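Just so you know, the sequence shown maps onto residues 1 to 176 in my numbering. Glycine is no exception: its CB is placed at the ideal position from the N, C-alpha and C atoms. Small disclaimer: the values here were computed from a predicted structure and weren't measured. The structure appears below as structure tokens.
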Amino acid sequence: MHNHYLLICIDIQEKLLPVMSDKEGVIKNANILLEASKLLDLDIFVSKQYVKGLGEFHKDIHLDKAKVVKTVEKTSFSVFGNLSEFLLESPHKTLVFFGIETHICVYQTIKDAKRHGAKCILIEDASSSRSSRNHKTALHALARNGVEILSTEQFLFGILKDAKHPSFKDISKLIK
Numbered sequence: 001m002h003n004h005y006l007l008i009c010i011d012i013q014e015k016l017l018p019v020m021s022d023k024e025g026v027i028k029n030a031n032i033l034l035e036a037s038k039l040l041d042l043d044i045f046v047s048k049q050y051v052k053g054l055g056e057f058h059k060d061i062h063l064d065k066a067k068v069v070k071t072v073e074k075t076s077f078s079v080f081g082n083l084s085e086f087l088l089e090s091p092h093k094t095l096v097f098f099g100i101e102t103h104i105c106v107y108q109t110i111k112d113a114k115r116h117g118a119k120c121i122l123i124e125d126a127s128s129s130r131s132s133r134n135h136k137t138a139l140h141a142l143a144r145n146g147v148e149i150l151s152t153e154q155f156l157f158g159i160l161k162d163a164k165h166p167s168f169k170d171i172s173k174l175i176k
């Protein structure tokens, strides 16, 4: 139905999340996106940075409620190397990013995706950095480079388009 979107969840891990400037917002909005992925049939691509040092995905992030199609471990800051192989065989035309840290792994991945011609969206309220200044700096740089910066609600209601959408009530419940 909405398979031209691929959601990319970046590095929301045990040792990273607790030191983020807006960890509560990341938990809340990442989980909304993850649960919405099943309701709206949106594929999720998940990356984990240096698991040995940073741990697994944080226990408050509900990957089990998501439509995860691929999970990769990486040591490079950009996940695009792993992602580009996956995209060769996928129907996805728009990449929708969220995760941590906005100014490092998220930023470098989006820059690489843009260089390869991908249409990119960043979900701002499901992303964060240790310092809010670094988060804002990355948002401004990405927006200047043609990345659409949206909130979780903005993105999801943009997909729904109408209160008559079959998933409208379920998505509305997630957001409240």
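Could you check which residue in the options has the C-alpha nearest to that of residue i?
i      : options                        : result
Phe45  : Ile27, Val51, Val68 and Leu33  : Val68
Ser78  : Leu63, Pro91, Ile61 and Glu101 : Glu101
Phe155 : Leu42, Ile12 and Ile10         : Leu42
Arg115 : Phe80, Asp125 and Lys23        : Phe80
Lys15  : Gly55, Ala30, Lys176 and Asn29 : Gly55
Gly178 : Asn31, Gln13 and Lys23         : Within the shown structure, residues of the chain are numbered from 1 to 176, placing residue 178 beyond reach of any answer.
Leu87  : Asp162, Lys119 and Gly99       : Lys119
Between residue i and residue j, which are expected to be in contact by the criterion C-beta below 8 Å, what is the C-beta distance as a whole number of angstroms?
i      : j      : result
Ser131 : Ser21  : 6 Å
Asp139 : Ala113 : Position check: residue 139 holds Leu in this sequence, whereas Asp was assumed. About 16 Å separates the two Cβ atoms, so there is no contact after all.
Phe157 : Leu122 : That belief does not hold up - the Cβ atoms of Phe157 and Leu122 are roughly 17 Å apart, past 8 Å.
Val51  : Glu73  : 5 Å
His92  : Leu6   : 4 Å
Asp60  : Ile8   : With 8 Å as the limit, Asp60 and Ile8 do not qualify as a contact, their Cβ atoms being about 19 Å apart.
Ala36  : Ile149 : Not confirmed; about 18 Å, so no contact.
Val106 : Ser127 : 6 Å
His62  : Asn31  : 5 Å
Would you decide whether residue i is buried or exposed? Buried here means 16 or more other CB atoms lie within 10 Å of its CB.
i     : result
Leu33 : buried
Lys48 : buried
Met1  : Note that Met1 has pLDDT 47, beneath the 50 cutoff, so the model's placement of it is unreliable and the number below is only indicative. Answer is exposed; the Cβ neighbour count stays below 16.
Ile10 : buried
Ala66 : buried
Which value, in whole angstroms, describes the spacing of the CA atoms of residue i and residue j?
i      : j      : result
Leu165 : Leu39  : Leu is not the amino acid found at residue 165; the sequence shown has His there. Those two C-alpha atoms are separated by around 11 Å.
Gly177 : Gln108 : Residue coverage of the chain in this structure runs from 1 to 176, which leaves residue 177 outside it and unanswerable.
Ser129 : Ile159 : 27 Å
Arg144 : Ile110 : 13 Å
Phe57  : Lys136 : 24 Å
Lys173 : Asp125 : 18 Å
His4   : Val19  : 33 Å
Glu153 : Thr75  : 31 Å
Thr71  : Gly99  : 14 Å
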